[in-house]
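K.L.:
Following the numbering used here, the numbering of the sequence shown begins with 25 at its first residue and continues without gaps.
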Amino acid sequence: RTLRPRRTNRVRLAVAILAALALLTLPFWLGSPYHLHVAIMAGIFTILSLSLNLLLGLKLAWPGRGQPWRRVVLPGSAGPPAVKFFKWHRALGVCVLLPAIVMVACGVLQEWPPDALLGVDDTAPTAHPSTRPDFIPLGTALPTALARYPGASLAIIRMPDADQPWYRVRLRQVGELRRVFGQTTVYIDARDGAVLSDSDAFKLPLNERFVNAIYPIHSGEAFGIVGRLIVLVTGLSLLAMGVLGAGMWWT
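(1) In whole angstroms, what is the alpha-carbon distance linking Gly251 and His242?
(2) Count the other CB atoms within 10 Å of the CB of Arg156; is the residue buried (16 or more) or exposed (fewer)?
(3) Among the residues of its own chain, which have a CB less than 6 angstroms from the CB of Glu200, if the five just before and after it don't count?
(4) Sort out for me which residues DSSP pairs Asp213 with in a bridge.
(5) Measure from the C-beta of Pro240 to each C-beta in chain C and report whether the shortest distance is under 8 angstroms.
(6) When the Cα of Ala186 is compared with those of Gly269, Thr164, Gly266 and Ala214, which residue comes out closest?
(7) First and last residue of the alpha helix (DSSP H) that includes Ser223?
(8) Whole angstroms is fine: what's the gap from Tyr239's alpha carbon to Ala44's?
(9) Within its chain, find whatever has a CB closer than 6 angstroms to the CB of Phe159; leave out the 5 residues flanking it on each side and keep chain order.
(10) Going by C-alpha distance, which of Val39, Cys130 and Leu42 is nearest Val235?
(11) Are the beta-carbon atoms belonging to Tyr191 and Ala165 less than 8 angstroms from one another?
(12) Can you name, in chain order, every residue of its own chain whose Cβ lies under 6 angstroms from the Cβ of Ala246, other than the five neighbours on each side?
(13) For Met127, which residues in the same chain have their Cβ closer than 7 angstroms to its Cβ, ignoring the five residues on either side in sequence?
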């Protein structure tokens with residue numbers, strides 16, 4: 025009987041040390057912060073576990089008969105440390121449940137894009153036949169694309185090559201979900217300057233607009249400063265819930 029608490033404390037300490045070492049050394053295993061983010065979130069078991077935990081947490085946090093919701097979302101400070109950890113863990117989970125599910129779902133859809141399932145196909149245009157050996161300069165092609173959408177800002181340009189002899193000009197119109205990299209796209213033939221294809225972000229089919237909305241919703245840029253604040257608070261809350269959960273386990 026006297027050895028069990030000591031053994032339990034040693035196990036907890038060993039687990040904490042291993043977890044800390046894994047978190048501290050993981051960035052050295054990977055090439056960039058982006059790869060670190062993907063490694064953490066792309067694992068299907070991790071994502072499914074997180075999603076399941078959110079739903080199970082809601083079931084556990086649901087107030088009992090006669091208990092008001094106010095006691096769930098306003099946990100107070102009464103009770104021993106373990107009780108405090110539980111109350112705040114539950115309150116944060118209830119408050120950020122909906123945005124957390126949306127964020128996780130959009131993250132999953134980025135790693136496993138639903139393009140094929142929804143019939144979204146990024147079909148490249150067909151260049152006009154030409155015997156011209158060189159390409160027209162960018163300064164000639166770009167005004168043609170910008171003139172089709174007055175007021176739009178330049179987002180990104182893909183330069184032509186032998187296999188794809190066109191300029192791919194992406195623009196952002198006012199009102200698009202993305203802050204910088206808009207989805208309005210114009211293809212300009214790199215040999216004769218003609219418009220090969222024109223894709224207005226506001227006139228795309230519903231399936232393409234849904235796919236284009238996945239990333240800006242995940243990052244929060246879809247709804248301006250309010251959306252970014254919601255994503256920031258949700259992310260910090262999920263981190264705090266993990267700390268609080270560890271505190272419950274430790275105590």
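Every residue, glycine too, gets a C-beta built ideally from N, C-alpha and C. Small disclaimer: the values here were computed from a predicted structure and weren't measured.
P.N.:
Taking the structure as given:
(1) His242 has its alpha-carbon roughly 9 angstroms from the corresponding atom of Gly251.
(2) Taking all protein chains in view, the Cβ of Arg156 is surrounded by fewer than 16 other Cβ atoms within 10 Å, so the residue is classified as exposed.
(3) Non-local C-beta neighbours of Glu200 in its own chain, meaning closer than 6 angstroms and more than five positions away in sequence, comprise Gly206 and Ala225, ordered along the chain.
(4) Assignment of beta-bridge partners to Asp213 by DSSP yields Trp190.
(5) Absent here is chain C; the protein component of the structure consists of one chain.
(6) The residue with the shortest Cα to Cα distance from Ala186 is Ala214.
(7) Note, Ser223: premise wrong, no alpha helix (DSSP H); beta strand (DSSP E) at Val219 to Ser223.
(8) Taking the straight line joining both Cα atoms gives about 31 angstroms.
(9) Correct list, in chain order: Pro184 and Ala214.
(10) When C-alpha distances from Val235 are compared across Val39, Cys130 and Leu42, the shortest belongs to Cys130.
(11) The answer is yes: Cβ separation under 8 angstroms.
(12) So the list reads Leu201 and Pro240, once near-sequence residues are dropped.
(13) So the qualifying residues of the chain are His242, Val255 and Thr258.
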